[in-house]
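In order, the protein sequences belong to chains V and G. Each residue of the first sequence is one higher than the one before, counting from 39 in the working numbering. Each residue of the second sequence is one higher than the one before, counting from 938 in the working numbering. Report on the following structure.
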Amino acid sequence: SGTSEVYTPAKQAWLPASKGKGLEIMGTFNRKQGKPQMSMTFHNKAMQPMTGFAVQFNKNSFGLQPLTALTIPTPLSANQSIDTCLALNTRGAIQRMDPLMNIQVAVKNCIDVFYFSATIPINVLFVEDGQMDRKVFLATWKDIPPSNEVQAQITNCSMSSDQATNRLQQNNIFTVAKRTVDGQDMLYQSLKLTNGIWVLAELKVVPGNPTIQLSLKTRAMDVVQDIQKAYTEIMQN
Amino acid sequence: EDDPDLDDCFSKLAESRSNP
């Protein structure tokens with residue numbers, strides 16, 4: 039899409055009707071008004087109305103938990119579907135998951151309790167105050183050893199460095215400085231996760247070249263792979 | 938935003954990491 043906005047993955051089938059005794063849940067994660075949230079569609083494919091919906095999360099890597107109760111107008115009639123958003127916070131119990139961004143969810147209704155796993159896109163945990171002070175950025179960049187730097191290429195990205203800056207900023211990845219060296223734009227960026235982990239990045243953008251070089255530096259190497267994935271998805275979508 | 942020392946540090950960082 040040509041329009042730049044907050045990146046939200048398409049809804050996925052988290053609970054197929056065949057495993058939910060007729061309840062199908064399609065869902066995705068996004069971030070709205072400074073909070074992560076789950077956006078879901080509940081579809082009753084059973085032949086009886088459904089009532090008594092509730093949701094609970096297992097412990098997870100970032101302590102995500104529902105901020106409010108699930109709001110589903112009941113009864114959910116046979117063949118009816120309803121869209122719902124569940125605001126989340128990160129003050130829940132923490133347990134490192136493998137994969138890191140996996141979350142186990144239980145949904146209850148009048149028929150049974152159902153369990154499914156979902157993958158949280160890490161960018162919904164990028165906070166709004168993730169712009170690192172420039173002086174702190176330089177010191178941190180030098181302080182993190184080269185062994186903690188991971189490079190990757192983002193392909194098929196026909197974006198100028200200014201477009202990249204804007205798109206990333208809408209997703210709470212902030213450009214701290216920009217320099218142009220030999221026609222190559224170098225962007226120095228920062229982001230902060232809800233648990234206080236900082237990630238520093240350098241983007242090398244050559245005008246007209248659809249491949250962008252991404253270098254990440256962080257002390258928390260566990261998150262690097264997911265951050266790379268987030269950059270790729272934000273910049274390709 | 939207008940600290941010339943910091944501006945210079947970023948320029949040096951970018952130059953040191955540029956792939957011509």
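Glycine is no exception: its CB is placed at the ideal position from the N, C-alpha and C atoms.
- A direct Cα-Cα distance of roughly 31 Å separates V:TYR45 from V:ASP181.
- By the neighbour-count criterion, in which 16 or more other beta carbons inside 10 Å mark a residue as buried, V:MET259 falls on the exposed side.
- Bounds of the beta strand (DSSP E) holding V:ASP223 are 222-230.
- Using a Cβ distance threshold of 8 Å, V:PHE80 and V:THR122 count as a contacting pair.
- Between V:VAL145 and V:LEU53, the C-beta spacing is below 8 Å.
- With respect to the 8 Å criterion, V:MET139 and V:SER99 are classified as neighbours on the basis of their beta carbons.
- Around the Cβ of G:LYS949, a 10 Å sphere holds fewer than 16 other Cβ atoms; the residue is exposed.
- Shown here, V:ASN98 sits in a strand according to DSSP, grouped into three states.
- With a cutoff of 8 Å on beta-carbon distance, V:VAL162 and V:PHE67 are scored as near each other.
- Proximity of chain G to V:GLU240 at the Cβ level (cut-off 9 Å) is accounted for by LEU950, ALA951 and ARG954, in chain order.
- Non-local C-beta neighbours of V:THR193 in its own chain, meaning closer than 6 Å and more than five positions away in sequence, comprise THR249, ordered along the chain.
- Any Cβ of chain G closer than 8 Å to the Cβ of V:MET170 would place that residue at the interface, and such an atom is absent.
- Closest in alpha carbon position to V:MET224, among V:ILE160, V:VAL214, V:PRO74 and V:TYR269, is V:VAL214.
- At least 8 Å separates the CB of V:ASP136 from every CB of chain G.
- Cβ atoms of V:VAL261 and V:ILE160 come within 8 Å of each other, at about 7 Å.
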